[in-house]
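2 protein chains.
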Amino acid sequence: MGNKSIHYTLANERPGPGLPPMFARYKGMVEREICQTIPAPDQDRLPTLLQYHLGWVDRNGGSVAVASSQGKALRPTLCMFACEALAGDPARALPAAAALELIHNFSLIHDDIQDRDLERRHQATVWSLWGEPRALVAGSVMQSLGDLALLRCAQLDVAPEVTLRVSSLLTESYLEMIEGQCMDLGFESQPRISVDDYLGMIARKTGALIRSSLQIGALLATDDEGATAAFARFGDYLGRAFQIRDDYLGIWGDEAATGKSNDNDIRRRKKSFPVVFGLERARGAAREDLRRIYAQQELDDADVLRVMTILEEAGAPQCSESLTQESASRAVRALEGVDLPAWARLEVEELVDFLARRQY
Amino acid sequence: MGNKSIHYTLANERPGPGLPPMFARYKGMVEREICQTIPAPDQDRLPTLLQYHLGWVDRNGGSVAVASSQGKALRPTLCMFACEALAGDPARALPAAAALELIHNFSLIHDDIQDRDLERRHQATVWSLWGEPRALVAGSVMQSLGDLALLRCAQLDVAPEVTLRVSSLLTESYLEMIEGQCMDLGFESQPRISVDDYLGMIARKTGALIRSSLQIGALLATDDEGATAAFARFGDYLGRAFQIRDDYLGIWGDEAATGKSNDNDIRRRKKSFPVVFGLERARGAAREDLRRIYAQQELDDADVLRVMTILEEAGAPQCSESLTQESASRAVRALEGVDLPAWARLEVEELVDFLARRQY
């Protein structure tokens with residue numbers, strides 16, 4: 001590995017910003033809401049699979065001391081935040097927040113099956129423990145529980161028309177998310193993927209649900225269409241910043257922090273942003289090597305290191321970071337015209353800074 | 361194979377009743393409605409997978425001359441029928457009917473992955489042609505399109521409160537359906553399944569969506585809760601009659617008519633009704649043989665024939681038929697207290713007769 005690799009490995013050791021306070025503020029409420037939608041474990045043990053995936057219990061249904069395997073709950077946090085920032089009662093956004101988290105987790109369970117991933121959030125994946133058929137069912141149940149969670153809006157004095165609009169935004173966005181997954185699967189077998197193709201794919205796969213989280217939160221607080229549209233744009237840029245950072249971490253991230261295997265993305269020949277950029281930008285022998293290695297069925301350690309070096313020499317890490325930063329700035333600017341209290345404006349900045357600079 | 365097997369093979373050659381006219385009446389409308397929800401094929405070809413599964417196009421997206429691979433569209437037909445029978449405009453039930461068919465087909469695509477089935481409706485299954493990851497995504501998209509189809513209710517002058525109730529009935533019932541699939545998967549590894557366990561499982565796996573089809577159709581026609589509840593009960597018995605007949609056909613059905621491999625259910629060691637009944641009822645050597653064969657990893661032709669003989673000697677075919685008939689009669693009686701026009705009463709009888717005696 002060349003000097004640059006060492007440089008980037010060191011760079012990862014700078015402590016990144018911690019989870020902003022807004023995550024802690026909503027987490028408990030969202031978990032209680034999700035809890036209500038998941039049925040008690042019965043003979044078929046399906047609820048245990050769901051609770052295990054959410055990091056609430058171990059594989060035997062026993063309690064866990066430290067919930068290290070829980071996700072960040074980004075989407076519900078965004079939804080509740082948008083609602084509260086626009087002077088709405090965040091509790092009104094709870095059913096939608098729970099639905100968003102359940103649907104996000106449905107996509108993770110199915111993604112792990114598709115990608116044959118053995119680990120997620122520092123623990124064995126559902127399919128790797130219970131087999132594919134059960135994991136498939138668990139994912140579908142998670143999706144349905146999400147749909148069901150949303151319908152609790154009606155109990156919170158949300159007008160039926162608004163609930164229907166929220167429901168339709170949610171469904172459209174997770175359809176977009178699934179389309180994005182499908183495009184991503186297709187990319188694996190296509191030799192030429194442009195950076196633009198790639199950005200279009202992640203706008204669906206990652207962006208859609210992040211956008212709708214914010215849009216739905218806004219919609220539950222206000223009938224100001226301009227504010228809702230601004231939060232949607234905020235979500236589009238935030239989603240891009242989030243995913244490009246994720247892609248960066250998938251190659252140069254610290255395994256202990258991300259909970260995923262470090263060279264996973266390259267070893268699995270994933271066409272993440274740095275690789276798409278590298279394929280477009282590298283020239284001569286580097287380009288040929290990159291294409292040849294990505295056309296192989298299996299990659300060994302030397303292949304993974306060669307790919308990392310090529311990407312680093314092509315400037316992929318810097319370009320990933322600058323695209324993340326640019327998207328983060330655009331996200332902040334998208335909300336400039338919206339009338340927000342000072343605390344919310346500050347939290348927007350903390351959030352964007354965290355997502356663009358996180359180590360996990 | 362003993363005489364009894366020959367007897368039952370002959371019995372299958374009696375022509376069964378054809379598809380009742382109500383199926384033809386709604387089919388075109390429902391297909392057009394579903395068509396609107398499925399996006400046009402694009403570069404990732406996902407819509408082709410969906411259209412192929414629905415029997416509209418061949419595996420290359422080309423048109424098909426005879427739509428022999430289309431299903432019966434039972435659920436949308438039941439939904440539209442319930443609405444029309446209760447003097448509602450069946451067009452009001454179209455979005456729900458499309459949603460029900462899409463959700464049923466989502467479950468078939470995922471079922472085929474779980475069961476490793478190579479054929480469905482006389483054609484290769486989606487996963488066997490496009491691989492598991494794509495089939496998984498195609499199934500999820502089908503489910504989401506179902507959710508989305510339902511929301512078109514709002515355009516048809518259905519009150520938002522009613523749309524939300526329909527949406528919640530639909531989601532709850534497909535959650536029940538998925539739970540049933542999960543119980544069914546669990547049955548594979550359990551040596552003792554009682555007939556009661558089995559009936560509880562099919563009430564979810566098959567019954568829930570059939571019940572909600574009728575319930576939703578009724579709800580869109582009337583605010584008479586008694587009538588809606590009667591249609592729900594009708595659906596419960598109809599679902600049981602339908603599934604027990606399906607199980608019978610899965611062993612003694614004519615392969616050319618059902619579109620499935622004849623000995624599929626036994627060879628795959630499926631614990632369908634005749635087998636559960638046989639395991640409960642058979643005694644002595646027959647019982648031991650049945651248990652031993654079902655504990656094997658693989659079954660050869662002789663094993664399949666031996667199982668068929670044991671089931672026939674235990675009276676499983678007769679018992680399946682009588683339970684189907686009994687459920688069919690109860691289904692008809694469930695609607696006795698509802699004020700229905702003569703044409704609808706006649707069609708109920710035709711439908712029940714068809715479902716209980718069909719050959720496919």
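Protein sequence lines, in the order shown, are assigned to chains A and B.
Per this note's numbering, the first sequence starts with residue 1, numbered consecutively.
Per this note's numbering, the second sequence starts with residue 361, numbered consecutively.
Glycine included, each C-beta is placed from N, C-alpha and C at the ideal position.
In this text, all values refer to a predicted model and were calculated from it rather than measured experimentally.
Chain-ordered neighbours of Glu391 of chain B on chain A, where CB pairs are closer than 7 Å: The contacting residues do not exist; Glu391 of chain B stays about 20 Å from chain A at best.
Here's the rule: buried if 16 or more other CB atoms are within 10 angstroms of the residue's CB, otherwise exposed. What is Glu536 of chain B? buried
Going by DSSP, which residues form a beta bridge with Ala124 of chain A? A:Glu119
Does the count of Cβ pairs from the stretch 529 to 549 of chain B and the stretch 178 to 196 of chain A closer than 8 Å reach three? no
Assign Ala87 of chain A to one of two classes, buried (16 or more other C-beta atoms within 10 Å of its C-beta) or exposed (fewer than that). exposed
If the cut is a Cβ gap below 7 Å, which residues of chain B does Pro133 of chain A touch? Gln474, Leu545
Apart from the five residues on each side of it in sequence, which residues of its chain come closer than 6 Å, Cβ to Cβ, to Pro20 of chain A? Glu350, Leu351, Phe354
Please list, in chain order, all residues of the same chain as Ser500 of chain B whose beta carbon is under 6 Å from its beta carbon, the five residues on each side excluded. none
Please report how far the alpha carbon of Arg59 of chain A lies from the alpha carbon of Leu49 of chain A, in whole angstroms. 7 Å
Those runs of the beta strand (DSSP E) which lie wholly inside the stretch 433 to 472 of chain B and span at least 3 residues: none
Count the other C-beta atoms from every protein chain shown that fall within 10 angstroms of the C-beta of Arg605 of chain B, then say buried if there are 16 or more, exposed otherwise. buried
Spatial distance of Ala208 of chain A from Gly239 of chain A (CA atoms): 8 Å
I'd like to know whether the C-beta atoms of Cys542 of chain B and Val57 of chain A end up nearer to each other than 8 Å. no
Would you tell me roughly how many angstroms separate the C-alpha atoms of Glu548 of chain B and Met389 of chain B, rounded to the nearest one? 39 Å
At 7 Å on the CB atoms, spell out the chain B contacts of Ser144 of chain A, in chain order. Thr531, Tyr534, Leu535, Ile538
Give a yes or no on whether the minimum CB-CB distance between Ser189 of chain A and chain B is below 8 Å. no
Checking the sheet assignment: what are the DSSP bridge partners for Val667 of chain B? DSSP, once it has assigned bridges, lists no residue as partnering Val667 of chain B.
Leu468 of chain B to Leu129 of chain A, Cα distance in whole Å? 24 Å
For my contact list, Asp584 of chain B and Met561 of chain B are in at a C-beta cut-off of 8 Å; report their separation, rounded to the angstrom. Incorrect: roughly 32 Å between the Cβ atoms, too far for contact.
So the candidates are A:Phe106, A:Asp265, A:Gln325; which of them puts its Cα closest to the Cα of Leu311 of chain A? A:Asp265
Let me see if you follow: with CB-CB separation under 8 Å, is Glu461 of chain B close to chain A or not? no
Going by the DSSP bridge assignment, what does Gly63 of chain A pair with across the sheet? Looking at the sequence itself, residue 63 of chain A is Ser, so the reference to Gly does not match. According to DSSP, which records beta bridges pairwise, Ser63 of chain A is partnered with A:Val57.
So, at 6 Å on beta carbons, what are the nonlocal neighbours of Ala97 of chain A in its own chain, with the 5 sequence-adjacent residues on each side left out? Val30, Pro76, Cys79, Met80
What runs of the alpha helix (DSSP H), each 4 residues or longer, lie entirely inside the stretch 592 to 679 of chain B? 615 to 618, 624 to 627, 633 to 641, 644 to 655, 661 to 673
Residues in the stretch 290 to 321 of chain A with C-beta within 9 Å of chain B's C-beta atoms, listed in sequence order? none
Nearest-angstrom Cα distance between Pro520 of chain B and Glu161 of chain A? 6 Å
So is Gly378 of chain B buried or exposed if we call it buried at 16+ other beta carbons inside 10 Å? exposed
Could you tell me which of A:Glu321, A:Ala218, A:Leu290 sits nearest to Val338 of chain A, measuring between CA atoms? A:Ala218
Listing by chain order, which chain A residues have their CB less than 8 Å from the CB of Ser528 of chain B? Leu148, Leu151
Hey, does Gln575 of chain B have any beta-carbon neighbour from chain A nearer than 8 Å? no
For the alpha helix (DSSP H) that contains Arg717 of chain B, what are its first and last residues? 702 to 717
Along chain A, in chain order, which residues have C-beta atoms closer than 7 Å to that of His470 of chain B? Leu136, Ser140
Note down, in chain order, every chain A residue with its Cβ under 8 Å from the Cβ of Gln541 of chain B. Val137
Across the stretch 650 to 666 of chain B and the stretch 581 to 596 of chain B, are there enough close Cβ pairs to call them in contact, namely three or more that are closer than 8 Å? no
Starting from Asp223 of chain A and walking both ways along the alpha helix (DSSP H), at which residues does that stretch end? Note, Asp223 of chain A: premise wrong, no alpha helix (DSSP H); not H, not E.
Using only alpha-carbon positions, find the residue among B:Ala563, B:Lys565, B:Ala601, B:Arg476 that is nearest to Val692 of chain B. B:Ala601
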